[in-house]
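Residue numbers (the working numbering): 2 to 211.
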Amino acid sequence: MADKPDVTGVPDLTAAFREVREDMAQKVSRRMVVAGGKVITERAKAIAKANGSVITGAMVENIAIKREPNAPDGTAQYHIGVRHGREQSKRVQAKGQKRLVVSRGRIKVRRDNDPFYWKWVETGRRVVPASVKSGTTAYTQRLRNGRVVVRSRKYEASSLRARRRATSQGVVGRKPFIEPALQQERDNAITAMDRALQRYLASERKKGGA
């Protein structure tokens with residue numbers, strides 16, 4: 002059985018959390034993080050809208066808080082980001098599915114509500130051209146005996162590796178919304194977490210005094 006999770010980095014919350022019953026620690030920690038996360042995600046959505054990210058609304062709608070399923074024992078970790086691809090629920094995926102006829106009569110399923118591009122908005126990106134000229138590139142490889150040799154590799158015009166090397170297209174500037182939301186709402190998020198914790202402790206004290 003996992004140890005009771007800790008709240009670290011905020012002394013007042015750390016001290017108060019020690020009063021939580023062992024069997025309620027996981028549930029209370031989730032309530033606290035959800036309360037704090039809601040404050041930050043709402044701010045992130047407002048910033049994203051102010052930045053102009055409302056063409057389809059997919060990115061703004063999918064800003065969410067997610068529990069890390071592989072967190073170390075005794076800890077509860079959560080991430081704030083944008084749900085995309087397989088992370089989206091089946092209901093959301095089905096809502097945006099479109100079947101299109103592509104080359105040679107093949108049918109392909111595409112989704113217009115998958116904000117796979119969200120990190121490009123948050124951090125900026127290089128513009129990748131649709132195609133470049135085919136050619137050959139050189140690279141080094143270390144052999145098992147320690148010797149380093151130079152090899153060559155051909156690449157096609159459609160190669161993503163080759164297209165990424167074409168830097169003449171420029172860079173798309175970043176329009177961050179997660180990072181500034183975390184900075185702007187940190188104190189308010191901590192306050193929301195404290196309120197959730199105090200509500201639980203008050204209810205426990207009430208039960209004890211009944």
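Glycine is no exception: its CB is placed at the ideal position from the N, C-alpha and C atoms.
None of the values given here were measured: they were computed from a predicted structure.
Classification of residue i by the beta-carbon crowding that lies within 10 angstroms, buried from 16 upward
i: Arg145; result: exposed
i: Arg196; result: exposed
i: Glu23; result: exposed
i: Ser204; result: exposed
i: Met194; result: buried
i: Trp119; result: buried
i: Ile179; result: buried
i: Ala51; result: exposed
Host beta strand (DSSP E) of residue i (start-end)
i: Leu144; result: First-last for Leu144: undefined, no H or E at that position.
i: Arg175; result: No beta strand (DSSP E) holds Arg175; DSSP gives it neither H nor E.
Terminal residues of the alpha helix (DSSP H) in which residue i lies
i: Gly82; result: Not the alpha helix (DSSP H): Gly82 falls in the beta strand (DSSP E), residues Tyr79 to Val83.
i: Arg214; result: The structure shown does not extend to residue 214, since the chain is modelled only from 2 through 211, so no value can be given for it.
i: Arg68; result: Here Arg68 belongs to no alpha helix (DSSP H); instead the beta strand (DSSP E) covers Ile64 to Arg68.
i: Val122; result: Trp119 to Thr124
i: Val110; result: Premise fails: Val110 lies in the beta strand (DSSP E), Ile108 to Arg112, not in any alpha helix (DSSP H).
i: Ser30; result: Ala26 to Ala51
i: Asp13; result: Pro12 to Phe18
Presumed contact (8 angstroms Cβ cut-off) between residue i and residue j, rounded CB distance
i: Arg219; j: Glu123; result: Nothing can be reported for residue 219, as the shown portion of the chain is limited to 2 through 211.
i: Lys99; j: Asp113; result: 7 angstroms
i: Tyr201; j: Arg32; result: 7 angstroms
i: Val21; j: Ala190; result: With 8 angstroms as the limit, Val21 and Ala190 do not qualify as a contact, their Cβ atoms being about 19 angstroms apart.
Taking three-plus beta-carbon pairs below 8 angstroms as touching, is the stretch 60–77 in contact with the stretch 41–52? yes
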